[in-house]
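Below is one structure, written out as structure tokens, with a few remarks after it.
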Amino acid sequence: MHLQGTYAPIVTPFNADESINYEVLKQLIDYLLAHNTAGLIPGGTTGEVYALTEAERLEIFQFVKDYAGGRTTLIAGTNSGATRDVIRYSQIAEQMGYAGVMVAVPPYSRPNQRELLAHYVAVAQSISIPIVLYNFPWRAGTEVGYEVLDGLTQYPHVIGIKEASGEMARVYEMRLRYGNRYQIICGSDDQALDYFLWGTQSWIGGGVSCAPRQHAAVLDAALAGDFATARARMEKLMPLIRNIESGGYTQKVKLGCELLGIPVGHTRRPLLPLLDEDRREFERVFAIAQTV
Numbered sequence: 005m006h007l008q009g010t011y012a013p014i015v016t017p018f019n020a021d022e023s024i025n026y027e028v029l030k031q032l033i034d035y036l037l038a039h040n041t042a043g044l045i046p047g048g049t050t051g052e053v054y055a056l057t058e059a060e061r062l063e064i065f066q067f068v069k070d071y072a073g074g075r076t077t078l079i080a081g082t083n084s085g086a087t088r089d090v091i092r093y094s095q096i097a098e099q100m101g102y103a104g105v106m107v108a109v110p111p112y113s114r115p116n117q118r119e120l121l122a123h124y125v126a127v128a129q130s131i132s133i134p135i136v137l138y139n140f141p142w143r144a145g146t147e148v149g150y151e152v153l154d155g156l157t158q159y160p161h162v163i164g165i166k167e168a169s170g171e172m173a174r175v176y177e178m179r180l181r182y183g184n185r186y187q188i189i190c191g192s193d194d195q196a197l198d199y200f201l202w203g204t205q206s207w208i209g210g211g212v213s214c215a216p217r218q219h220a221a222v223l224d225a226a227l228a229g230d231f232a233t234a235r236a237r238m239e240k241l242m243p244l245i246r247n248i249e250s251g252g253y254t255q256k257v258k259l260g261c262e263l264l265g266i267p268v269g270h271t272r273r274p275l276l277p278l279l280d281e282d283r284r285e286f287e288r289v290f291a292i293a294q295t296v
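Residue 5 is where the sequence shown starts when you use my numbering, and the numbers rise one by one after that.
Structure, rendered in structure tokens:
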């Protein structure tokens, strides 16, 4: 599977009582697909997977597959704290017909590199669909290091890595070490242009859920080799990206959806709604992004 384009780790819409609003999820999916989003990823951090029950998580997987399957590429976020649970979620996603899975470092346990490699090997041996690794050490506490990547080269369906470390040196090093063996996917939104200059063709960003057209416009220009246009577009999108990444990430992505007329509701507790001053500043930079 070759990934090209922008992919949305979709938010989970909630009603006022924190139940899942599937009608609004339909609305969000339709909007994303109408605005050049190449694929959807339910079960990610932006989707508040940590606040979902297992039944809700699997229900969302099935709903997204039933509603959007055949219209776009679907990748399931199957991360969990225990290897056996990641395997089970990944196998269920494969049985549902997902095109692939995205698997981050297990949270809280902070495995060392030997343990992390064994974790990923166990997952790779349990399914046959493509696997995208996810490196986000700031949140997970452990990096997907070169020892892990070296050990996974023998599994061709481990196709790439969403790189969200913020360290461009890793992108250079992975290109030097592995050539085209792994697809390097942009997961550090404020560094997207740097990724594209180094040959990255795909972008998985939470902000795609609330600004799909703008993210796609930046990447499309870069893929066409028009980096002057890509930069000009990125300059208008960057204030929004920086604001989202400054704190309250999921709340801000959800607010952006609200401003688009998609009433996804608030985040589940413990995350609270934004303060008024944070909301006003977000609305200001969101308006700038509309000029892309």
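Every residue gets a Cβ at the ideal spot worked out from N, C-alpha and C, and that includes glycine.
Of the residues the options, the one placed nearest residue i, counting alpha carbons only
i: P274; options: I91, R88, Y26 and A55; result: A55
i: A108; options: R92, P134 and R143; result: R143
i: V148; options: A122, S132 and N184; result: A122
i: M238; options: F200, H270, I266 and V268; result: F200
i: Q294; options: A220, V268 and R174; result: A220
i: G170; options: E177, F140, R181 and G164; result: F140
i: I292; options: I245, I135, E119 and L153; result: I245
i: H161; options: V175, R179 and V127; result: V127
i: R75; options: A86, E58 and A38; result: A38
Contacts around residue i, its chain only, beta-carbon distance under 6 Å, and the 5 residues preceding and following it disregarded
i: I208; result: Y11, K166, I189 and G191
i: Q205; result: Q8
i: P243; result: V289 and I292
Which residues DSSP lists as bridging residue i, in chain order
i: W207; result: T10 and C190
i: K166; result: Y138 and I189
i: I24; result: F18
Residue interval of the alpha helix (DSSP H) (run including residue i)
i: N247; result: F231 to E249
i: G260; result: Y253 to L263
i: R179; result: M172 to Y182
i: I218; result: The question names Ile, but residue 218 is Gln in the sequence shown. Taken as a continuous stretch (DSSP letters only), the alpha helix (DSSP H) holding Q218 covers P216 to L227.
i: L201; result: A196 to L201
N-terminal and C-terminal residue of the beta strand (DSSP E) that residue i is part of
i: L78; result: T77 to G81
i: A291; result: Careful: A291 lies outside any beta strand (DSSP E), inside the alpha helix (DSSP H) at D280 to A293.
Residues near residue i in its chain [Cβ-Cβ closer than 7 Å; skip 5 each side]
i: R235; result: L197
i: Y71; result: K30 and I33
i: A97; result: F65, A80, T82 and V105
i: T271; result: E52, T254, Q255 and K258
Same chain only: Cβ atoms within 8 Å of residue i, ignoring 5 sequence neighbours per side
i: Q195; result: G170 and M172
What alpha helix (DSSP H) runs, 4 residues minimum, are completely inside the region 35-97? As far as the region 35-97 is concerned, its whole alpha helix (DSSP H) runs of at least 4 residues are 58-72.
Runs of alpha helix (DSSP H) wholly within the region 104-157 (minimum 4 residues, chain order): Annotation note: the region 104-157 contains the following uninterrupted alpha helix (DSSP H) runs of length 4 or greater, listed N- to C-terminal: 117-130, 141-144 and 150-156.
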